[in-house]
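Have a look at the structure below, then the notes.
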Amino acid sequence: MKKILVPVKRVIDYAQKIRVDPSKGAEGVQLKNVKMSMNPFCEIAVEEAIQLKEKTKAEVVAISVGPKQCTETIRTALAMGADRGIHVETKPDVRGDYINLQPWAIASLLKGIVEREDGVDLILLGKQSIDSDCGQTGPLLAGLLNAPQATFAAKIEAGDDGSFTVERETDAGTETIKLNSSVKPAVITCDLRLNTPRYPTMPNIMKAKKKKVETISLEDMVKELGLDLDEVLTPKNEVVEVYEPPPRKEGELVGSIDELLGKLKEKGLVA
Amino acid sequence: MIRLGRLCNYSNRRILPLRPLSSILRYASNHQSRKLRGPTTQDVSYFRSILSRPDRSVLDGSSSSTASQDVTDEIAKYNVDWTKKYRGSSDLVLRPQTTSEVSSILQYCHENYIGITPQGGNTGLCGGATPYNTEIILSMEDMDRIYCIDEYSGILTCDAGCILQNLHSYAEENGFLFPLDIGSKGSCQIGGNVSTNAGGHHFFRFGSLHGTVVGMEVVLANGRVLRSSASVRKDNTGYDLKQLFIGAEGTLGIVTKVAIACPALPTSKNVVLLVCNSYDDVLSVLQTAKEELGEILSAIELIDWNTMQFVQRFGNGFGSSLISELLTPKSISSDPAKKQSPLYILVESQGCDQVSDSAKMDSFLTSLYESSAIENGVLAHDSKQMEEIWAIRESCNPSVASAGFVHKFDVSIPIEMYIEVSEEVEKHLQDENLHDLSVCTWGHVADGNAHINIVSSGQFHKHDDTAEKIENIVYSSVMKRKGSISAEHGIGQSKRKYLKQIKDDGVLELMSQIKMTFDPHLILNPGKYIP
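Residue numbers (the working numbering), protein chains in the order written: chain E, 50 to 320; chain R, 62 to 592.
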């Protein structure tokens, strides 16, 4: 295998409490002064790419589309073991959480980058991002590239002949799919149980500083790929409303089993 | 059950000949006009009559009541401490709902000379919350309301029975950080934290409770309720009495409400776990952290090799892949003449600008790596990895507890000599032919606070003479370096007997006088703290 591409997304850290400012309408989710990290599913994709690299000596390229802080996200991928990065830099007010950039735009950009890179064998993506939860970028990219795809991978094996055997967890049980080697590249999206992402260790963090990250503005990339900037920045779906879920009501303390039974009967939960 | 041979309020009094005032006062804590007693059925009836929810608030396990097995089992939990070393014989647990109920209870106990042991989350490590005998256990667990947090000053006001984790969550929801953080935060209560002057992970950054507590409500032994201002940070009007209650371990009054000033919630956090080959390297890390991380440095914790091995075996798989990666450092030399043990350092930074904080962290790590002060390390890049690294540190205590009987020590040592104490203790233990003991050291190294835990792997019983020998070895090693034998865990029952050796007579006298002023009938937490 020669080359693996891993798109990574910078999102609000999973442990952060999301704040919604109702006066901002659709753009209510606050991004200022909020901790951002690599999307957990993208981390899993990077880890899988590194593991495959360790077996096949392929080159791993991390790609991110977003504001200038995305270089941090790419550096994390490099510290985990990726070889180089491509950062498509957007203007600071362009939001990646479904407000401005949506899966169609990202998939179109990634398609162009795949062709620009040449010789890509595999694109590994997270199955979804934890901000928009669309899960569409992988499948859209596969469609645009006419690539064989497997989603929600729980196990990936690279065959010597260039094929990929993927296990997926479904409600009916584990499904095994073989993506044959005759069509390149293949697209696989990664699920939670695929692996446990490694910690970047000191020697790798130091090495990562010397690895190359190509930064190119969204406008320049769009021009280079022959896409239409308006098309890319105009979302296909419009966010109508954003609101916080209603707060959970506090429970009631009761003093005895009889009291509990009484309350349950009162609420019609028990006959 | 009467404990014989202990010098305490319950032992038979010697009739003292007339002595100078100073001697009389020194003996004040173990001499009084009337002995304390345990509660009787009449007392129980009285309590039932004055409390608003007697079925919840009165847990009566005496044989004269129709106590069910459930009640007896429940009371048993209150009677044992977390380390399982201390067992009380209380038959009565009271769980008041309000400050005025606490006041009524104490007033009655004061008038009738009934001993009271206040208890919070029962997570203390010195037996301070376990009855010495048959005292009434006063549990603050039902007084757990969080009142408010001021959006400008960050002053959070709450009941003493609030669980620390809940205070953290509440403060966070409002954009603040609760300044006290310790491993037992899932169970410990703020009243207990304040009464023991708990230190914790962020002591280095936010300081002691003596500084962050801005107001308090305390019930004195005679039932009188004392309130100090709680809505402003600075108040220099009169003796700052609340300071006496902080760290007094319930011997001067019962804390019922607390007001604590919380700093703004930092939005950017970084956690690293580093591996050093020697303590000199650790000192480099400390100095470099102060220089490169500066004001964003929030915690530095040390964990030694012995401890890490227990964490890996008994730590419930916390960060196991991480530990495996770091547990094969090249520093473990196979050459017995060159005994090296890796030392692990957790460094945390908290600030408000992710970009500049990451840059500072990067420059910090680069300095250390290039100067070879660290052999390896990992940098957490999301919350999950940060929690995993902290989980390793927080599982040190439970891991060694699962491994065998632990002789626990919590000491302060001048930072430069921190590891010398453990090394000296190890040597002395071998000299005394005390084998099969692992000396595990971890702690808040930037505060000079070491938790030295000596573990007899696989054995779970205490051998009294071994325990005493070990205590002598550890404490003399600490004292000769002018350290403290209890940095943050307090005195409780376990360190009472040492106070006479380490404190000036004058200090002990004044402590007794203060105790007599606040609690003349000596009902509050008898058998603890004051020797």
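Every residue, glycine too, gets a C-beta built ideally from N, C-alpha and C.
Where Ala441/R meets chain E, residues with beta-carbon distance less than 8 Å: In the second sequence, counting from the first residue as 1, residue 441/R sits at position 380. Within 8 Å Cβ-Cβ: Tyr248.
Three-state class that DSSP yields for Asn514/R in the structure shown: As a working mapping, residue 514/R is identified with position 453 in the second sequence. Correct three-state label for Asn514/R: strand.
Beta-carbon gap between Val291/E and Gly115/E smaller than 8 Å: Counting from one through the first sequence, the residue named residue 291/E turns up at place 242. Counting from one through the first sequence, the residue named residue 115/E turns up at place 66. It is not a contact, given that the beta carbons lie outside the stated cut-off.
Environment of Pro78/R [buried if 16+ CB atoms lie within 10 Å]: Here residue 78/R corresponds to residue number 17 of the second sequence, with the count starting at 1. Unreliable positioning characterises Pro78/R in this predicted model, as indicated by a pLDDT of 41, which lies under 50. A coordinate reading is not provided.
CB contact flag (Leu167/R, Ala320/R, <8 Å): As a position in the second sequence, residue 167/R is number 106, starting the count at 1. As a position in the second sequence, residue 320/R is number 259, starting the count at 1. For Leu167/R and Ala320/R, no; Cβs fall outside 8 Å.
Where the region 93-121 of chain E meets chain R: residues whose CB sits under 8 Å from a CB there: Gln118, Glu121
Secondary structure of Lys303/R, DSSP reduced to three states: Position 242 of the second sequence, counting from 1, holds the residue named residue 303/R. DSSP places Lys303/R in helix when its eight states are reduced to three.
Selection of the region 60-73 of chain E by Cβ proximity to chain R, strictly under 8 Å: Asp62, Tyr63, Ala64, Gln65, Lys66
Contacts of Asn286/E in chain R (Cβ-Cβ under 7 Å): One-based indexing of the first sequence puts residue 286/E at position 237. In chain order: nothing, as chain R lies at least about 28 Å away.
As assigned by DSSP and simplified to three states, the class of Asp423/R: As a working mapping, residue 423/R is identified with position 362 in the second sequence. DSSP places Asp423/R in helix when its eight states are reduced to three.
Limits of the beta strand (DSSP E) - the one that Ser290/R falls within: Counted from its first residue, the second sequence places residue 290/R at position 229. Here Ser290/R belongs to no beta strand (DSSP E), and DSSP marks it neither H nor E.
Own chain, CB closer than 7 Å to Ile226/E, minus 5 neighbours either side, in chain order: One-based indexing of the first sequence puts residue 226/E at position 177. Here the set comprises Ala199, Val215, Arg217.
Candidates Gly215/R, Asn510/R, Thr527/R, of which the one nearest Cys9/R by Cα: Only positions 62 to 592 of chain R appear in the structure, and residue 9/R is not among them; the question remains open.
Per-residue contacts from Lys330/R into chain E (C-beta, under 9 Å): Here residue 330/R refers to the residue found at position 269 when the second sequence is read from its first residue. Under the 9 Å cutoff, chain E gives Lys84.
Contact residues within the region 424-454 of chain R, judged by C-beta distance below 9 Å to chain E: Leu426, Thr427, Leu429, Tyr430, Glu431, Ile435, Glu436, Asn437, Gly438, Val439, Leu440, Ala441, His442, Asp443, Ser444, Lys445, Gln446, Met447, Glu448, Glu449, Ile450
Closest by C-alpha distance to Cys91/E, when choosing among Arg68/E, Glu103/E, Met129/E, Asn82/E: The count along the first sequence starts at 1 and reaches residue 91/E at position 42. Minimum Cα distance to Cys91/E is reached at Met129/E.
Segments of 4+ residues assigned as alpha helix (DSSP H) that fall wholly inside the region 106-174 of chain E: 119-129, 152-166
Test: Gln415/R CB closer than 8 Å to a CB of chain E: Within the second sequence, the letter at position 354 stands for residue 415/R. Chain E, which has a Cβ nearer than 8 Å to the Cβ of Gln415/R, makes this yes.
For Glu308/E, three-class secondary structure by DSSP: Within the first sequence, numbered from 1, the residue matching residue 308/E stands at position 259. Helix at Glu308/E.
Residue-level contact to chain E via CB, Asp116/R, 8 Å cutoff: As a working mapping, residue 116/R is identified with position 55 in the second sequence. Output row for Asp116/R: interface = yes.
Cβ neighbours of Asn253/E in the same chain (closer than 6 Å, five flanking residues each side left out): The residue labelled residue 253/E in the question sits at position 204 within the first sequence. The residues are Ala128.
Continuous beta strand (DSSP E) stretch holding Ser359/R: start and end: Taking the second sequence and counting its residues from 1, the one referred to as residue 359/R is at position 298. Unbroken beta strand (DSSP E) run through Ser359/R: 358-365.
Residues in the region 157-185 of chain E having any Cβ partner in chain R nearer than 7 Å: none
4-residue-minimum alpha helix (DSSP H) runs that sit fully inside the region 224-257 of chain E, ordered along the chain: 251-257
Below-8 Å beta-carbon distance, Ile591/R vs any chain E residue: For this step, residue 591/R is matched to residue 530 along the second sequence. Closer than 8 Å: no.
C-beta contact flag for Trp451/R and Ser402/R at 8 Å: Walking along the second sequence from the start, residue 451/R turns up at place 390. Walking along the second sequence from the start, residue 402/R turns up at place 341. No, these two residues do not count as a Cβ contact at 8 Å.
Nearest neighbour of Ala232/R, chosen from Ile243/R, Gly244/R, Cys219/R [CA to CA]: Within the second sequence, numbered from 1, the residue matching residue 232/R stands at position 171. Checking every option, the nearest Cα to that of Ala232/R belongs to Cys219/R.
CB contact check: Gly304/E to chain R, cutoff 8 Å: Stepping through the first sequence from its first residue, residue 304/E is reached at position 255. Chain R, which has a Cβ nearer than 8 Å to the Cβ of Gly304/E, makes this yes.
C-alpha distance - Asn82/E paired with Gln415/R, whole-angstrom precision: In the first sequence, counting from the first residue as 1, residue 82/E sits at position 33. In the second sequence, counting from the first residue as 1, residue 415/R sits at position 354. C-alpha separation (whole angstroms): 8 Å.
Sequence-distant residues of its chain with Cβ nearer than 7 Å to Ile179/E (five each side left out): Position 130 of the first sequence, counted from the start, is the residue given in the question as residue 179/E. These residues qualify, in order along the chain: Val60, Tyr63, Asn88, Pro89.
Chain-order list of residues whose beta-carbon lies under 6 Å from that of Gln185/E (same chain, five-residue window excluded): Position 136 of the first sequence, counted from the start, is the residue given in the question as residue 185/E. Here the set comprises Pro152.
Residue burial classification, Phe521/R (beta-carbon count within 10 angstroms, cutoff 16): As a working mapping, residue 521/R is identified with position 460 in the second sequence. Answer is exposed; the Cβ neighbour count stays below 16.
From Val467/R, Ser428/R, Phe425/R, Ile315/R, residue whose alpha carbon lies closest to that of Thr159/R: For this step, residue 159/R is matched to residue 98 along the second sequence. Ranking the options by Cα distance to Thr159/R, first place goes to Ile315/R.
Cβ-Cβ distance between Val271/E and Val281/E below 8 Å: Here the question's residue 271/E lines up with position 222 in the first sequence. Here the question's residue 281/E lines up with position 232 in the first sequence. Yes, Cβ-Cβ distance for Val271/E and Val281/E is below 8 Å.
Alpha-carbon spacing of Gly588/R relative to Asp211/R, whole angstroms: In the second sequence, the residue the question calls residue 588/R occupies position 527. In the second sequence, the residue the question calls residue 211/R occupies position 150. Roughly 39 Å separates the two Cα atoms.
Span of the beta strand (DSSP E), counted from its first residue to its last, around Trp503/R: Position 442 of the second sequence holds residue 503/R. Counting along the chain, the beta strand (DSSP E) containing Trp503/R begins and ends at 499-505.
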